Structures are given as C-alpha cells and as structure tokens.
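Working notes, beginning with the structure itself.
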Amino acid sequence: MLNHLYRYMPVTRWVKRLRPARILEVGSGWQGMGPYVARNFVGCDPCLTSANRPRGKAFFMAPVSGSACDLPFKSATFDLVVCLDMLEHIPAPLRQQAVVELERVTRGTLILGFPQGRRWARWEERTAVWYQWTGRPV
Numbered sequence: 004m005l006n007h008l009y010r011y012m013p014v015t016r017w018v019k020r021l022r023p024a025r026i027l028e029v030g031s032g033w034q035g036m037g038p039y040v041a042r043n044f045v046g047c048d049p050c051l052t053s054a055n056r057p058r059g060k061a062f063f064m065a066p067v068s069g070s071a072c073d074l075p076f077k078s079a080t081f082d083l084v085v086c087l088d089m090l091e092h093i094p095a096p097l098r099q100q101a102v103v104e105l106e107r108v109t110r111g112t113l114i115l116g117f118p119q120g121r122r123w124a125r126w127e128e129r130t131a132v133w134y135q136w137t138g139r140p141v
C-alpha cells in the first residue's frame, strides 16, 4: 500500500488546492484514490462490473465500467480528471485516443502519471512482443 500512498500523495494536494466539485479517476480499479482523498469521486475502469465487485465499500467511489478510449461521460463533465499508471496498460497505438478522451471529459485540470525512460522503453518492447504472440492488437 505504500506505493499507492506515494502515487496519490500529489493528487491529494491538488484536490485540496483546487477543491473540484466533480472528480473522475480513470483506471481506478475498485479502490482508486478514495482512501487517500476522502472525497466522493467517479471511478471508471473496465473491471468495474457487478460480477467482480469486492465485499465492502468502494471508499467514496461511484463505480462506472468503461474504457479510457471511449469514456461514457459527456464532454467537460469533470473539474478534475486523474489517470495514474494506466496508459501503459493500453496498446501503444490507442494511447493517443485515450488521452483525447481524458481531455474531452475534463473542464478543469487533468493529472496524468505514467512510466517513462529507458527502462520503460525495454518493457514497452517486451509488451509489444507479448501482444503479437497472443494475437492481440498492438
């Protein structure tokens, strides 16, 4: 959980500073930033279905099942959109589309966090090989 704390620490500062009325986290999973910001927010992730909902509450989160490449929200709906460590899970050719969607639903601030650098480039190459080997689109 320590890595989650470090991941969300900057976000908690932005939430306090901006005081957004509507917050969206894309790629939230079932918990997302809830335990760290203690504010109501919408979490959007393909895994958020009633079939795989864990027991207990979702820490201030209103779960919505959806894809970052086709977000199920109207344009300019959220004052703050957060997307941390999610883009690397989308095939490289679709990442631009995901970022365009994130921008579309944002009417205020967009916070993006993702791996970068030489070590990440090697991982990206291995991931592309895996996509090709499994027959998934790259």
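Here my numbering is used: the sequence shown runs in plain steps of one and ends on residue 141. Idealized CB from N, CA, C, for every residue including glycine. All of these numbers come straight from a predicted model, not from anything done at the bench.
Out of Leu105, Gln135, Arg129, which one is the CA nearest neighbour of Ser70? Leu105
What are the start and end residues of the beta strand (DSSP E) that includes Gly46? 44 to 47
Complete runs of the beta strand (DSSP E) confined to the region 10 to 95 [at least 3 residues]: 26 to 29, 44 to 47, 64 to 67, 81 to 87
Skipping 5 residues on each side, what residues in its chain have a beta carbon closer than 8 Å to that of Pro23? Phe81, Asp82, Leu83, Gly111, Thr112
Please identify the residue among Met89, Gly46, Trp17, Lys77 whose C-alpha is closest to the C-alpha of Val67. Gly46
Determine the DSSP secondary structure at Thr137, reduced to helix, strand or coil. helix
Can you find the residues in the same chain that come closer than 8 Å, C-beta to C-beta, to Cys50, ignoring five residues on each side of it along the sequence? Gly32, Trp33, Ser68
Any idea if Leu5 is buried or exposed, counting beta-carbon neighbours within 10 angstroms, 16 or more meaning buried? At Leu5, the pLDDT of 49 sits below 50, so the modelled position is not reliable; the number obtained from the coordinates is stated separately. It counts as exposed.
Gly138: buried (16+ other C-beta within 10 angstroms of its C-beta) or exposed? exposed
By how many angstroms is the C-alpha of Glu28 removed from the C-alpha of Gly35? 7 Å
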